[in-house]
Amino acid sequence: MKRISTKLIFAVLAFTLSTGNLQAADWLMLQGTEKSFVKKDGKVVKNTRRTPVIWGFMQVNYKRDFGNVLDTGINKTPFSLLIPDLKSQSGVNLGRGRLSARGMMDEENKINYFTMLAFENSGITNLMNTRATTGEVLVDASVTLKHIPYAKLRIGQFKTPGSEEGLRATFASPYIEFTSFTNGELMERQTNVVGSAQTGGPAGGATTVHYQGDPYTSVSAFRDKGVQVFDTVALSFIPNYKLTYAYMYGNGSNLKMYSPSGQGTHYAYLALEKEFGKGKGFYTESLKTYIWGQSGNREIITTDAGIQTNKRKRYGVGMTYYKDGLRVTSELMGAEGMIFTGAKDSDPTVDVETWQVQHAVGVENKSVGGYFNVQYEIVPKKFEIFSRYDQYNRLTNDTKAERIFKTLTIGASYRFKGPTRVDINYAMRDALADGNAGAQTVLDNIGNRFMVQFTGFFKN
């Protein structure tokens, strides 16, 4: 893959985000509330349905990675192996299998609920190896109270306000894998008990402090447990515009039932959207800009310093646009404090991998990333082509530890009915370590990846 200037890419992203209100679905409302009105016998009537809506989907994929699995002499590199267990370079996998029930607890539509279970082989259920399966199946369980005007209250476990990539329904997107920044910095992986501080080795001579240990819980799946105040309000003084806001306080445990103390996390989100008057859900024709932020702590227990509390901040600004079959999305994101630096093989035995997770700790740590995506429906809501460029600059504060990941994904999607479809992706991947020649030798083994996925969706 041809190397592209980092400054040029981020200049294009910044320009895109600043040139107008260039979204589609209001995910906070779609996932947290039931509709006030529905169509019945051709008429729009008040929603009084008490029967639960049962729905679900499955995603089965085949992936083939063309990179090299480099054996460094004491362990293996993970970047050319497939998630979640990091064992092979190709294969068929049930990436997602979800079953959900949602609805209203009262005819006045003042109390809504949303639940979802996961039956799949993913980072939710498999922590990179069979010895660390989580048994977690409950991914959503929340109740929304709609008694206070302009301040809906959601309580339980659910998706946190944040990036469009994390908020959107996974069955709606034609992309089989998340962008590099989202996968590394937002799809959180926690570790609790770790070893001693590491500096030179893991970072290739860099000074950044790392800690490494077994996964403590499943990936976050962009979720936490807590309380959220949110709503979407039509702006009467600006026709066709609406404002969405959300503030959530979570306990920082992700999907883990119990968590270390002191991991409270604040989440905030604000969006301005102009609707064009057509479509609904993922196909709402609209134009949106948004900003979000997350700030909290994460605790680890080290062998050399005891309990250590580390800052963790994530933030971003983005836009989405959808009209007449053209969809454009872009986002610029940042991370500070505790930074995930990858899976590490801790077993020196040949052909035996014991994967652990590694984090760089310290308030000085910074990462930045973003993406620009264009999709076009050749046949409306049936056949589309798409292309997305994403870039992730990890640990920009340390020249020797910095890694730059670049991915250009192209593909096509055919929808049979609604979300039921087939997606084909081809990802052209590159990675740079401009300040570390030794690390670059390892990164040169990263290769491209072919993926095809079938999504099946049902609803009563």
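Residues -24 to -1, 1 to 436 (mature numbering (1 follows the signal peptide of the UniProt record, and there is no 0)) are what the sequence shown spells out, left to right. Cβ atoms here follow ideal geometry from the backbone N, Cα and C, with glycine treated the same way.
Asked: Residue 367, DSSP secondary structure in three states; Found: strand
Asked: Between the CA atoms of residue 86 and residue 225 - distance to the nearest angstrom; Found: 22 Å
Asked: Contact set for residue 356: own chain, Cβ-Cβ below 7 Å, skip 5 residues either direction; Found: 301
Asked: Which listed residue (334, 258 and 335) has its alpha carbon closest to that of residue 305; Found: 258
Asked: The segment 200 to 214 in contact with the segment 131 to 149 per 3-pair CB rule at 8 Å; Found: yes
Asked: Test item: CB-CB of residue 379 and residue 370 under 8 Å; Found: yes
Asked: Coarse secondary structure for residue 156, derived from DSSP in three states; Found: helix
Asked: Residue 18, buried or exposed, once every other Cβ within 10 Å from all chains shown has been counted against 16; Found: exposed
Asked: Continuous beta strand (DSSP E) assignments of at least 3 residues falling wholly in the segment 190 to 220; Found: 199 to 210
Asked: Pairwise C-alpha distance: residue 184 and residue 57; Found: 26 Å
Asked: The segment 307 to 316 / the segment 153 to 162 touching (three or more Cβ pairs under 8 Å); Found: yes
Asked: For residue 28 and residue 104, believed in contact at Cβ under 8 Å, the rounded distance; Found: About 35 Å separates the two Cβ atoms, so there is no contact after all.
Asked: Element boundaries [alpha helix (DSSP H), containing residue 414]; Found: 413 to 419
Asked: Selection from 432, 434, 436 and 425 that minimises the alpha carbon distance to residue 41; Found: 425
Asked: Where the alpha helix (DSSP H) containing residue 7 begins and where it ends; Found: 3 to 8
Asked: Close beta carbons around residue 117, own chain, < 7 Å, minus the five adjacent residues each side; Found: 91, 132 and 133
Asked: Reference residue 7; option with closest CA among 20, 15, 119 and 66; Found: 119
Asked: Sequence ranges, beta strand (DSSP E) only - wholly within the segment 259 to 312, length at least 3; Found: 262 to 278 and 282 to 299
Asked: Contact under 8 Å by Cβ, residue 421 with residue 43; Found: yes
Asked: Pick from 396, 360, 61 and 416 that is closest to residue 331, judged by C-alpha positions; Found: 61
Asked: Residue environment, residue 395, which counts as buried when at least 16 other CB atoms sit within 10 Å; Found: buried
Asked: Rounded distance between the beta-carbons of residue 187 and residue 499, thought under 8 Å; Found: Not covered by the structure: residue 499. The range shown for the chain is -24 to 436.
Asked: Whether residue 74 touches residue 94 by CB criterion (8 Å); Found: yes
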